[in-house]
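Protein chains in written order, with our numbering: chain A, 1101 to 1223; chain B, 20 to 166.
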């Protein structure tokens, strides 16, 4: 099983995710505000990036949302719109209908999610 | 200023969220999902769900109102200016489907200090209208410069 997902969030993705999730923190949607607080630009929602890890591991396991039993991540860097994000991962443990996957997400060679661990029980 | 630990073990009133088909679709599109079980009632039923099903990470949407309670509790005293979301975990049970009424209770699991940073760990437990657990979340917030 190979986990490999590439996605480039467009300029307005953080706005759509803000509306979908309810998280309107201006560091995600207002480049000028973000710069005022010392960031290079508005940054991706960490939970959007985590959702990409969830999608990547679920798809690798056949795509049934019931197969994803657990996912834990550590947020370790800022993600930005208009840059390709890559989720990669591999099987760490397998047996008794249960698969544990270790994964991470990076953008431009910088890890934004580290030590992700997913438990799948393919349906 | 060292962290205050009085709130460890404290829990908060339940937050109720009713799942709707169009909200699930809006969220699924925003995170790039394409599986029709997230959008199409017939496809979801065909796959054995009661109705359109929410992507697993939709748990952040129905539990957000619950986890906000410890975050703004003066007993917890979270310093938002220095706050970063350090880590997140979910464990999923029964699928959450359109029409479900999900009730989420948040509690303060741990507060501790390590390497000059404050760790505030909140737990959310979400159950549906039948009392079945749909998701259990562990939210780790890190506050820089506490000592």
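Glycine included, every Cβ here is placed at the ideal spot set by N, Cα and C.
Check your understanding: With a Cβ-Cβ cutoff of 9 Å, do residue 117 of chain B and residue 72 of chain B count as a contact?
Key -> yes
Review point. Leaving out the 5 sequence neighbours to the left and right, which residues in its chain are closer than 6 Å to residue 61 of chain B when beta-carbon positions are compared?
Key: none
Exercise for review: Count the C-beta pairs between the stretch 1122 to 1141 of chain A and the stretch 1190 to 1208 of chain A that are closer than 8 Å, then say yes if the count reaches three, no if not.
Suggested key: no
Review point. Thinking C-alpha only, which one of A/1171, A/1135 and A/1162 is nearest residue 1151 of chain A?
Key: A/1171
Check your understanding: Start and end of the beta strand (DSSP E) containing residue 1105 of chain A?
Key -> 1103 to 1107
Check your understanding: Residues in the stretch 63 to 81 of chain B with C-beta within 7 Å of chain A's C-beta atoms, listed in sequence order?
Key -> 72, 74, 75, 76, 79 and 80
Point to revise | Residues of the stretch 102 to 114 of chain B whose Cβ lies closer than 8 Å to any Cβ of chain A, in chain order | key: 103, 104, 105, 106, 107, 108, 109, 110, 111 and 114
Point to revise | Anticipated Cβ contact below 8 Å, residue 1165 of chain A with residue 74 of chain B, distance rounded | key: 6 Å
Exercise for review: Between the Cα of residue 159 of chain B and those of A/1112, A/1119, A/1111 and A/1146, spot the shortest distance and give me the residue it belongs to.
Suggested key: A/1146
Check your understanding: Just curious, the alpha helix (DSSP H) that residue 4 of chain B is in, first and last residue?
Key -> Given a span of 20 to 166 for chain B in the structure shown, any question on residue 4 of chain B remains unanswerable.
Review point. For residue 112 of chain B, which of B/36, B/133 and B/121 has the nearest alpha-carbon?
Key: B/121
Review point. In this structure, does DSSP put residue 1197 of chain A in helix, strand or coil?
Key: coil
Review point. Does the beta carbon of residue 12 of chain B come closer than 9 Å to any beta carbon on chain A?
Key: Only positions 20 to 166 of chain B appear in this structure, which leaves residue 12 of chain B out of reach.
Point to revise | Through-space distance from residue 1149 of chain A to residue 1108 of chain A, alpha-carbon basis | key: 11 Å
**Study point:** residue 83 of chain B - partner residues in DSSP beta bridges
**Key:** For residue 83 of chain B, which the question treats as bridged, DSSP gives no partner whatsoever.
Exercise for review: Can you say whether residue 1204 of chain A is buried or exposed, counting buried as having 16 or more other CB atoms within 10 angstroms of its CB?
Suggested key: buried
Practice item. Would you give the residue range spanned by the beta strand (DSSP E) that residue 153 of chain B belongs to? Key: 152 to 162
Review point. What residue does the beta strand (DSSP E) around residue 1220 of chain A start on, and which one ends it?
Key: 1210 to 1220
Practice item. Would you identify the three-state DSSP class for residue 1170 of chain A, choosing helix, strand or coil? Key: strand
Practice item. Counting only the same chain and skipping the five closest in sequence on each side, list residues whose C-beta sits under 7 Å from that of residue 1114 of chain A. Key: 1128, 1129, 1142, 1144, 1145 and 1181
Check your understanding: What does residue 83 of chain B reach in chain A if we use C-beta pairs closer than 9 Å?
Key -> 1121, 1122 and 1123
Review point. Since residue 1179 of chain A and residue 1136 of chain A are thought to touch, with beta carbons under 8 Å apart, how far apart are those beta carbons, to the nearest angstrom?
Key: Not confirmed; about 20 Å, so no contact.
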